[in-house]
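Notes for the one structure printed next.
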Amino acid sequence: MTTPTTLFDKVWDAHEIHRTDGGESLLWIDRHFVHEGSFHAFNKLRERGLPVARPDLTFGIADHYVPTLTRRLDDIADAKVRGMIEQLSDNTREHGITLFGLDDPRQGIVHVLGPEQGLTQPGLLMVCGDSHTSTHGAFGSIAFGIGASEVAHVLATQTLWQTRPKQMRLTVEGTLPPGISAKDIALTWIARLGADGTRGHAIEYAGSAIRALSMEARLTLCNLSIEGGARCGMIAPDATTFDYLRGRPFAPRGEAWDQAVACWETLASDTDARFDREVMLDASEIAPTVTWGVSPEEALPIDQCIPGPADQPDAGKARQVCDSLEYMGLEPGQKLTDIGIDRVFIGSCTNARIEDLRAAAEVLRGRRSKVPGIVAPGSTLVKHQAEAEGLDRVFVEAGLEWRESGCSMCVGMNGDLVPSGERCASTTNRNFKGRQGPGARTHLMSPAMVAAAAVAGHLADIREL
Amino acid sequence: MEPIKTLDALACPLPLANVDTDQLIPARFMKEPRSVGYGQFLLHDLRHDDQSQPRKDFILNHPRASESCILVARRNFGAGSSREAAVYALVDFGFRCVIAPSFGDIFASNAVNNGLLPATLPETDIERLLEHLGNAPGPLRVDLEACRIQAGDLVMAFTIAPGWRTKLLNGWDDIDLTRQHADEIARFAADYARQRPWLATTASREKVITRG
Ligand code: SF4
Chain E
65 MTTPTTLFDK
75 VWDAHEIHRT
85 DGGESLLWID
95 RHFVHEGSFH
105 AFNKLRERGL
115 PVARPDLTFG
125 IADHYVPTLT
135 RRLDDIADAK
145 VRGMIEQLSD
155 NTREHGITLF
165 GLDDPRQGIV
175 HVLGPEQGLT
185 QPGLLMVCGD
195 SHTSTHGAFG
205 SIAFGIGASE
215 VAHVLATQTL
225 WQTRPKQMRL
235 TVEGTLPPGI
245 SAKDIALTWI
255 ARLGADGTRG
265 HAIEYAGSAI
275 RALSMEARLT
285 LCNLSIEGGA
295 RCGMIAPDAT
305 TFDYLRGRPF
315 APRGEAWDQA
325 VACWETLASD
335 TDARFDREVM
345 LDASEIAPTV
355 TWGVSPEEAL
365 PIDQCIPGPA
375 DQPDAGKARQ
385 VCDSLEYMGL
395 EPGQKLTDIG
405 IDRVFIGSCT
415 NARIEDLRAA
425 AEVLRGRRSK
435 VPGIVAPGST
445 LVKHQAEAEG
455 LDRVFVEAGL
465 EWRESGCSMC
475 VGMNGDLVPS
485 GERCASTTNR
495 NFKGRQGPGA
505 RTHLMSPAMV
515 AAAAVAGHLA
525 DIREL
Chain B
1093 MEPIKTLDAL
1103 ACPLPLANVD
1113 TDQLIPARFM
1123 KEPRSVGYGQ
1133 FLLHDLRHDD
1143 QSQPRKDFIL
1153 NHPRASESCI
1163 LVARRNFGAG
1173 SSREAAVYAL
1183 VDFGFRCVIA
1193 PSFGDIFASN
1203 AVNNGLLPAT
1213 LPETDIERLL
1223 EHLGNAPGPL
1233 RVDLEACRIQ
1243 AGDLVMAFTI
1253 APGWRTKLLN
1263 GWDDIDLTRQ
1273 HADEIARFAA
1283 DYARQRPWLA
1293 TTASREKVIT
1303 RG
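Taken in sequence, the protein lines are chains E and B.
One gets the numbering used here by counting positions in the first sequence from 1 and adding 64 to each.
One gets the numbering used here by counting positions in the second sequence from 1 and adding 1092 to each.
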């Protein structure tokens, strides 16, 4: 009898080329995405005079620095920003790597584009020099972010050295109440376990509430795995996964599709598989959740009040709360729904897929936003689809700006910034100090909750709208 | 990469938790080539006030900070973005070791790949160490062979993954190591492709563009 194994083990074992006595595994990489930030890695290759081992398994994507007001390189005023996009084109061209560049009709944020093009598939091992690579685990692949030295290593060898992480299963049973999304599930567990609560672990999301999620929602959930410190997050593939993938440009077709599905159907944790850690959540208890501080762990249900140092279990936490409140300009005891906002941002690899835009538009339809804001679709294809559905008009009529796709105000590298001291309700993933610009104050929440905040002019409870 | 055996140097106390890589190097500096010296960007927005003047009370602006090569911080150091530039900034500033109760996973492996030792100490030991250092850089000894930290009378054991310890002790570079496995990799790749014929990465011609 074979020992029961987890989904993670099955995928990992299929990619292990070599294991050292010290337990380090040399892993085969199926897909490698590079964005503008990869220039350090390409420079490293150049210094050593090494070629890219498998240009056919590497894909270039312009997303972090792309402008959201234009698709023309020449329109970018900042020469350094333009240079970042050009450098990616040059590096990919030199090494024969497929590029989804600024003016490509398929351009988008790497973690939106990969699934959309069918490049992301079950059972793969995928990496990118970007921490939110965990997103792709939604298809039942092992996907994680790596640094520039590792990017150079993958480019040179199509392999990577890794130590097998511990494994945690996060089971969410039951039915999510209306208006509650994958973002709320994620913020809830991160608040409970902490921003480093799952450090060193691979997470498998399981349970009836997870099975019921759409592909888009699964991507949001896996995307945020890294915000709880996890190495990666994954969900066993099922009919939802296969239905999403069928017919995508890079998905297998014909006989190859049947072969692939036969393999993918075996990708699930065995009934008796053991995890190092098990965490359970009751879906019915999850509320619309927002962050109030400067770490994703500083999140609470919207009907709560800002905590103070006195509520904290230890001196360390008390210190952290004081520091966060000072940066955020908030007082202990304030009701979350009393926090006024200056602008909104709907975008990023976390929440800018078609479903996210639909959810936000549904709230905004026929209403006005009290504050300015930007909507940046996750990809150019999402943009076109949203326009075909008339969502762009809903946003514009509500007073928001409808932009081109890119990372935009999630990280501000292209110049889309929240001014210092301003407070932004955002569908992104990081409320870190200065993330959306120096001095910017970020509150993370779901697209529907951002839309509700826009209409109210302050953080608001979607259930009361 | 320069090997690390022991470091006898000044250590800077940075008594903050969740110092993420966005703080270690803000995004706006990441379009600079590394040749400009990333040390100047290290913790830029904590080091400077709104008028871009150095904050006198911030540890990296201490007159002896530039001599120190060890940083002591609180939990979850280097969480967040995978940007290796965060490590470049620390290394270019002069740091060879960061001691904290926990590190972001990606940060820690980036550190090791650049000869920066991420040493994990229990939270209680970190607090003792921070108390010992007070508000100024102070002498500390980090012994990687023995996995020991010494500061005055304090002696503490730190942890690091054994594979990382070996790499740092020897100054090894992964690409060189991996290339010794070239034949094994080629054999694996051939078998793997045979078993998974559906994985070829050519897009279907007839319908390159699809739904979002
Ligand atoms: S949208 Fe934000 S989190 Fe996602 S890849 Fe871009 S910068 Fe990173």
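We put the CB at the ideal spot given by N, CA and C, even for glycine.
Is residue i near the ligand SF4 - that is, is its Cβ less than 7 Å away from at least one heavy atom of it?
{"i": "D480/E", "result": "no"}
{"i": "S1270/B", "result": "The question names Ser, but residue 1270/B is Thr in the sequence shown. No - the ligand SF4 has no heavy atom lying nearer than 7 Å to the Cβ of T1270/B."}
{"i": "N493/E", "result": "yes"}
{"i": "C488/E", "result": "no"}
{"i": "V215/E", "result": "no"}
{"i": "S412/E", "result": "yes"}
{"i": "H104/E", "result": "no"}
{"i": "D1305/B", "result": "The requested residue 1305/B is not part of the displayed model; chain B covers only 1093 to 1304."}
{"i": "H128/E", "result": "yes"}
{"i": "V174/E", "result": "yes"}
{"i": "C474/E", "result": "yes"}
{"i": "H196/E", "result": "yes"}
{"i": "C296/E", "result": "no"}
{"i": "C1189/B", "result": "no"}
{"i": "C471/E", "result": "yes"}
Just how far apart, CA to CA, sit residue i and residue j?
{"i": "A504/E", "j": "L1269/B", "result": "44 Å"}
{"i": "S388/E", "j": "T1212/B", "result": "24 Å"}
{"i": "N1168/B", "j": "E319/E", "result": "48 Å"}
{"i": "V1190/B", "j": "T262/E", "result": "21 Å"}
{"i": "T239/E", "j": "D525/E", "result": "19 Å"}
{"i": "T221/E", "j": "S443/E", "result": "30 Å"}
{"i": "A250/E", "j": "E1159/B", "result": "42 Å"}
{"i": "T1098/B", "j": "L1222/B", "result": "20 Å"}
{"i": "Q384/E", "j": "P483/E", "result": "24 Å"}
{"i": "R499/E", "j": "I1241/B", "result": "34 Å"}
{"i": "S359/E", "j": "R295/E", "result": "18 Å"}
{"i": "C1239/B", "j": "T1251/B", "result": "7 Å"}
{"i": "F1280/B", "j": "A520/E", "result": "58 Å"}
{"i": "I1095/B", "j": "G204/E", "result": "Sequence inspection shows Pro at residue 1095/B; the Ile mentioned does not correspond to that position. Rounded to the nearest angstrom, the two C-alpha atoms are 39 Å apart."}
{"i": "V325/E", "j": "V98/E", "result": "28 Å"}
{"i": "I1284/B", "j": "G357/E", "result": "It is Tyr, not Ile, that sits at residue 1284/B in the sequence shown. Cα-Cα distance, rounded: 46 Å."}
{"i": "K1299/B", "j": "G172/E", "result": "Because K1299/B carries a pLDDT of 49, less than 50, the predicted location of this residue cannot be relied on, and the following value inherits that uncertainty. In a straight line, the C-alpha of K1299/B is about 18 Å away from that of G172/E."}
{"i": "I267/E", "j": "P1155/B", "result": "45 Å"}
{"i": "T414/E", "j": "A424/E", "result": "14 Å"}
{"i": "K497/E", "j": "D346/E", "result": "31 Å"}
{"i": "D73/E", "j": "T235/E", "result": "18 Å"}
{"i": "G1244/B", "j": "L1232/B", "result": "8 Å"}
{"i": "K247/E", "j": "R1288/B", "result": "34 Å"}
{"i": "P371/E", "j": "D1137/B", "result": "26 Å"}
{"i": "R1271/B", "j": "W225/E", "result": "12 Å"}
{"i": "T67/E", "j": "M232/E", "result": "18 Å"}
Please compile the residues from chain E whose C-beta is within a distance smaller than 7 Å of the C-beta of residue i.
{"i": "H1224/B", "result": "Here the premise fails: no neighbours, minimum Cβ distance about 17 Å."}
{"i": "E1176/B", "result": "H104, G211, A212 and S213"}
Chain B partners of residue i, CB-CB under 8 Å?
{"i": "I81/E", "result": "H1273, E1276, I1277 and F1280"}
{"i": "H217/E", "result": "D1266, I1267 and T1270"}
Starting from residue i, find everything on chain E with Cβ-Cβ shorter than 9 Å and list it in chain order.
{"i": "D1235/B", "result": "The contacting residues do not exist; D1235/B stays about 20 Å from chain E at best."}
{"i": "R1166/B", "result": "G380, R383 and Q384"}
{"i": "N1202/B", "result": "I210, G211, A212, S213 and E214"}
How would you list, in chain order, the residues of chain E whose beta-carbon sits under 8 Å from the beta-carbon of residue i?
{"i": "I1191/B", "result": "Per Cβ cutoff of 8 Å: no residues; I1191/B is ~16 Å from chain E at best."}
{"i": "G1170/B", "result": "Under the 8 Å cutoff, chain E gives no residues; its nearest Cβ is about 10 Å from G1170/B."}
{"i": "T1212/B", "result": "The contacting residues do not exist; T1212/B stays about 10 Å from chain E at best."}
{"i": "D1149/B", "result": "The contacting residues do not exist; D1149/B stays about 15 Å from chain E at best."}
Since residue i meets chain B, which of its residues come closer than 9 Å, beta carbon to beta carbon?
{"i": "V145/E", "result": "K1123"}
{"i": "P316/E", "result": "P1289, W1290, L1291 and A1292"}
Note down, in chain order, every chain B residue with its Cβ under 7 Å from the Cβ of residue i.
{"i": "D553/E", "result": "What the structure shows of chain E is the stretch from 65 to 529, and residue 553/E is not part of that stretch, so it cannot be assessed."}
{"i": "M279/E", "result": "Simply none; closest approach about 12 Å."}
{"i": "E88/E", "result": "G1255"}
{"i": "S359/E", "result": "N1110"}
Item to check | Near-chain E residues of the region 1110 to 1132 of chain B - C-beta to any C-beta below 9 Å | outcome: N1110, D1112, T1113, D1114, Q1115, P1118, A1119, R1120, M1122, K1123, E1124, P1125 and R1126
Item to check | Members of the region 1245 to 1267 of chain B near chain E, C-beta cut-off 8 Å | outcome: A1253, P1254, G1255, T1258, D1266 and I1267
Checklist entry - Where are the beta strand (DSSP E) runs, 3 residues long or more, that stay fully inside the region 66 to 118 of chain E, in chain order? => result 80 to 83, 88 to 92 and 95 to 98
Next on the checklist: So within the region 431 to 463 of chain E, which uninterrupted alpha helix (DSSP H) runs reach at least 4 residues, ignoring any that extend past its ends?
Outcome noted: 444 to 452 and 455 to 461
Next on the checklist: Restricting to runs no shorter than 3 residues, where is the beta strand (DSSP E) found entirely within the region 1240 to 1289 of chain B?
Outcome noted: 1240 to 1243 and 1246 to 1249
Next on the checklist: For a minimum of 3 consecutive residues, which ranges assigned as the beta strand (DSSP E) are wholly contained in the region 205 to 280 of chain E?
Outcome noted: 206 to 209, 223 to 227, 230 to 237 and 265 to 270
Checklist entry - In chain order, what residues of the region 458 to 481 of chain E put their CB closer than 7 Å to some CB of chain B? => result V475, G476 and M477
Checklist entry - Using a Cβ cut-off of 9 Å, which residues of the region 481 to 499 of chain E contact any Cβ in chain B, in chain order? => result L481, S484, R494, F496, K497, G498 and R499
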